[in-house]
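Visitor:
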Amino acid sequence: MPRWLRVLRGMIGTGLTFAVGVGGFTALVGLIMMVAGQVTFIEILQIAGKFSVVSFILGVMFSGVLALSAGGQALGKLSLKFVTALGAAGGFIYWLMIGFANGFNAWTLGVALMNLVLLLAMGGGAAAATFLLARQAGKSLGAGEDDVASLGEGSVEEELRERERERVKRR
4 MPRWLRVLRG MIGTGLTFAV GVGGFTALVG LIMMVAGQVT FIEILQIAGK
54 FSVVSFILGV MFSGVLALSA GGQALGKLSL KFVTALGAAG GFIYWLMIGF
104 ANGFNAWTLG VALMNLVLLL AMGGGAAAAT FLLARQAGKS LGAGEDDVAS
154 LGEGSVEEEL RERERERVKR R
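According to my numbering, the stretch in the sequence shown is residues 4 to 174, in order.
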């Protein structure tokens, strides 16, 4: 399988991990609020569903940005601080998107700050949890330094280069 396809598979897997993690966390908070009598079960499902969909999209984008910004480094070489900061930055960008889509007009200052803190924590937390999970999976699978995929050349790209070299030689 070419490396770009493995990276794409990893991006989708990260998106799914974000969606399940954030959706589960949102549902847990919602259940606590339901016990307190503040929301209904249907509202919990709606909110958790919305957060899961958004988290999937943000997880895919986060994974793509991480793959590009990692510079081909192995997973074990990346720092938890870097990955967490990247996830929190994604949460901040999402907060800005919501804000400019009329959130700033609808929010009070307290609601805006609460949303900011929540999205920073969820973005950073989801990134850190996914990173630690991926590191642990790599260890348990026995992946060595040579087995770690990066965004370098894959077999398809190398084959195309070889064909081009042969074509140039024939001239």
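Backbone N, C-alpha and C fix where the C-beta goes; we use that ideal spot for every residue, glycine too. Here the structure is a predicted model, which is why all the values come from computation and not from measurement.
Identify, in the order they occur along the chain, each residue of the same chain with its Cβ nearer than 6 Å to the Cβ of methionine 14, setting aside the five sequence neighbours on each side.
Guide: For methionine 14, where only same-chain residues beyond five positions count, the Cβ hits under 6 Å are Val63, Ser66 and Gly67.
Visitor: Grouping DSSP H, G and I as helix and E and B as strand, with all else coil, what is aspartate 149?
Guide: No answer about aspartate 149 holds up, because its pLDDT of 45 lies below 50 and its placement is not dependable.
Visitor: In angstroms with no decimal places, state the Cα-to-Cα distance between leucine 81 and alanine 73.
Guide: If I take the Cα positions, the gap works out to 7 Å.
Visitor: By how many angstroms is the C-alpha of leucine 119 removed from the C-alpha of alanine 22?
Guide: Each residue's Cα considered, the two are about 19 Å apart.
Visitor: Count the other C-beta atoms from every protein chain shown that fall within 10 angstroms of the C-beta of glutamate 167, then say buried if there are 16 or more, exposed otherwise.
Guide: Exposed: under 16 other Cβ atoms inside 10 Å.
Visitor: If you reduce the DSSP assignment to three classes, tell me which class isoleucine 60 lands in.
Guide: Residue state, collapsed to three classes: helix.
Visitor: Is DSSP giving glycine 155 helix, strand or coil here?
Guide: Per-residue confidence for glycine 155 stands at a pLDDT of 48, beneath the threshold of 50, marking its modelled position as unreliable; the derived number appears in the next sentence. DSSP places glycine 155 in coil when its eight states are reduced to three.
Visitor: Need the endpoints of the alpha helix (DSSP H) that tryptophan 3 sits in, please.
Guide: In this structure the chain extends from 4 to 174, so residue 3 is not present and cannot be described.
Visitor: Does DSSP put tryptophan 177 in a helix, in a strand, or in coil?
Guide: Because the chain is modelled from 4 through 174, residue 177 falls outside the range shown and cannot be assessed.
Visitor: Who are the near neighbours of leucine 135 in its chain, counting only those whose CB is closer than 8 Å to its CB and skipping five residues on each side?
Guide: Counting only Cβ-Cβ distances below 8 Å, and skipping sequence neighbours, we find Leu83.
Visitor: When DSSP labels each residue in this structure, what does glycine 33 get in the three-state scheme?
Guide: Note: glycine 33 maps to helix in three-state DSSP.
Visitor: DSSP three-state label for valine 42, please.
Guide: It is coil, neither helix nor strand.
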